[in-house]
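Counting in my numbering, the sequence shown runs from 34 upward without gaps.
Working notes, beginning with the structure itself.
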Amino acid sequence: MDRQQEQALIGESPVFLEILEHVSRVAQLNRPVLVVGERGTGKELIAARIHYLSPRWDRPFVKLNCAALAESLLETELFGHEAGSFTGATRRRLGRFELANEGSLFLDELANTSDRVQEKVLRVIEYGELERVGGNDTIRTDVRIIGATNEDLPGLAEQGKFRPDLLDRLAFDVITLPPLRKRREDIIPLAEHFAVKMSGELGLDLFQGFSESARGLLRDYYWPGNVRELKNVVERAVYSSFGNDEPTSGISFDPFDSPWRPGTQTKTGDSGGSMPGEAYDFKEYIQEFEVTLLKSALQTCRFNQKKTADFLGMTYHQLRGYLRKYDLTDQEN
Ligand SMILES: Nc1ncnc2c1ncn2[C@@H]1O[C@H](COP(=O)(O)OP(=O)(O)O)[C@@H](O)[C@H]1O
Ligand SMILES: [Mg+2]
Numbered sequence: 034m035d036r037q038q039e040q041a042l043i044g045e046s047p048v049f050l051e052i053l054e055h056v057s058r059v060a061q062l063n064r065p066v067l068v069v070g071e072r073g074t075g076k077e078l079i080a081a082r083i084h085y086l087s088p089r090w091d092r093p094f095v096k097l098n099c100a101a102l103a104e105s106l107l108e109t110e111l112f113g114h115e116a117g118s119f120t121g122a123t124r125r126r127l128g129r130f131e132l133a134n135e136g137s138l139f140l141d142e143l144a145n146t147s148d149r150v151q152e153k154v155l156r157v158i159e160y161g162e163l164e165r166v167g168g169n170d171t172i173r174t175d176v177r178i179i180g181a182t183n184e185d186l187p188g189l190a191e192q193g194k195f196r197p198d199l200l201d202r203l204a205f206d207v208i209t210l211p212p213l214r215k216r217r218e219d220i221i222p223l224a225e226h227f228a229v230k231m232s233g234e235l236g237l238d239l240f241q242g243f244s245e246s247a248r249g250l251l252r253d254y255y256w257p258g259n260v261r262e263l264k265n266v267v268e269r270a271v272y273s274s275f276g277n278d279e280p281t282s283g284i285s286f287d288p289f290d291s292p293w294r295p296g297t298q299t300k301t302g303d304s305g306g307s308m309p310g311e312a313y314d315f316k317e318y319i320q321e322f323e324v325t326l327l328k329s330a331l332q333t334c335r336f337n338q339k340k341t342a343d344f345l346g347m348t349y350h351q352l353r354g355y356l357r358k359y360d361l362t363d364q365e366n
């Protein structure tokens with residue numbers, strides 16, 4: 034890996050600039066560091082910046098997502114294994130700690146690790162020592178750990194779900210990234226950055242810019258998925274307006290949005306009318322909704338109950354059950 038892998042970090046809000054300063058400071062220090070923030074806030078990008086600004090910049094920057102692996106697999110990924118340590122382990126394999134020797138190891142979603150793994154990580158931090166799975170030799174490594182989490186580690190430690198001693202060591206310095214909605218000045222610069230890149234990917238020389246209404250939508254949205262979500266929304270918008278010479282105006286926040294979306298019924302669909310504004314009785318509301326659907330289906334199927342049952346994806350007997358329940362059996366009149 035080299036310096037070119039470093040991606041541009043976009044942002045001009047005061048809080049973001051402060052974070053960049055913090056990053057430059059912490060980068061120089063040969064200590065663990067923890068990056069905290071909601072998903073999509075740029076934790077991985079910040080971790081890379083820490084590494085490439087550090088004296089270790091020309092050594093390996095190794096990453097591992099701890100949540101993606103089951104405990105035993107995570108253990109061998111981190112610490113490696115010896116040949117014959119388990120069925121299928123035909124050769125010795127080096128773990129990420131050894132691969133990252135003299136460099137940095139980015140441990141993403143650290144909160145989700147088991148106590149056993151946490152204990153071994155702590156030992157590497159404290160003594161620079163580890164054993165491969167199935168091995169007896171103690172191996173020395175010199176690795177700087179950059180951890181990331183979107184969870185509240187002190188809270189988890191209090192509940193006994195995260196080792197407090199590991200937390201103390203990891204949290205020598207903590208960088209907390211604010212959600213995008215708390216630094217709205219960054220939205221348009223980020224959006225333009227992603228739009229220009231996407232235009233380039235589509236082979237366009239020029240990005241036509243966003244319309245005023247599109248900019249307003251982008252600035253006002255809540256951005257639960259933060260920068261990652263913004264990137265997706267912008268790329269989709271540029272791609273959808275591909276081929277017309279006007280500023281990009283169509284912004285769709287939800288690519289699944291469709292009247293044909295198959296339901297888990299969690300959406301407050303428009304088919305059922307609008308949700309009541311004040312407190313309401315849940316059951317009663319559902320029943321009214323069912324009656325509305327049944328009546329309209331019967332009407333659509335000209336009160337043919339066999340057809341209505343098919344239309345609603347239920348059996349004739351199920352439909353009869355509903356009609357009796359709601360006293361709708363004489364609907365044809
Ligand atoms: N300040 C930023 N400037 C440019 N791109 C960013 C910035 N913050 C995040 N991104 C981009 O947003 C996406 C999500 O960032 P990532 O670091 O993976 O977030 P996290 O690890 O917090 O979930 C990535 O594509 C990343 O390149
Ligand atoms: Mg991430």
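Think of the CB as a built atom: it goes at the ideal place given N, C-alpha and C, for glycine as much as any other residue.
Counting C-beta pairs with one atom in each stretch, the stretch 215–234 and the stretch 178–189 have fewer than three that are closer than 8 Å, which means they do not touch. Non-local beta-carbon contacts of Met231 in its own chain, meaning distances under 6 Å to residues more than five positions away in sequence, involve Glu268, Val271 in chain order. The beta-bridge partner set that DSSP reports for Arg126 consists of His114. Ranked by Cα distance from Ala122, the first of Leu140, Cys99, Gly168 is Gly168.
By the Cβ-count criterion, Glu108 is buried, with 16 or more other Cβ atoms from all chains shown falling within 10 Å of its own Cβ. If you draw a straight line from the Cα of Ala228 to the Cα of Gly75, it comes to about 18 Å.
For Ser273 against Gly283, the beta-carbon gap comes to about 6 Å, under 8 Å, which counts as contact. Tyr255 sits exposed, since fewer than 16 C-beta atoms from the chains shown fall within 10 Å of its C-beta.
Less than 9 Å divides the Cβ of Thr174 from the Cβ of Leu163. In this structure, the straight-line span from the alpha carbon of Leu111 to that of Gly128 is close to 5 Å.
Taking a contact as a CB-CB distance under 8 Å, the pair Val176 and Ser137 counts as one, their CB atoms being some 7 Å apart. Between Leu106 and Leu143, the C-beta gap is not smaller than 9 Å, which leaves the two residues out of contact. The beta carbon of Gly161 is closer than 7 Å to those of Arg173, Thr174, Asp175 in its chain, skipping five residues each way along the sequence. In the three-state reduction of the DSSP assignment, Asn63 falls in the coil class, being assigned neither a helical nor a strand state. Counting the other CB atoms within 10 Å of its CB gives Ala181 a total of 16 or more, which places it among the buried residues. For Ala133, the number of other beta carbons within 10 angstroms of its own is at least 16, and it is reported as buried. Going down the chain, each residue whose beta-carbon is closer than 5 Å to a heavy atom of ligand 1 shows up: Leu42, Ile43, Gly44, Arg72, Gly73, Thr74, Gly75, Lys76, Glu77, Leu78, Val260, Arg261.
When rounded, the separation of the alpha-carbon atoms in Arg294 and Phe286 is 15 Å. With 16 or more neighbouring CB atoms inside 10 Å of its own CB, Ile79 falls in the buried class. By the Cβ-count criterion, Asp141 is buried, with 16 or more other Cβ atoms from all chains shown falling within 10 Å of its own Cβ. Annotation for Ala247: Ala270, Pro280, Thr281, Ser282, Gly283, Ile284 place their beta carbon closer than 8 Å to its own, counting only its chain and skipping 5 residues before and after. Taken from the Cβ of Ala81, every heavy atom of ligand 2 lies 8 Å or farther away.
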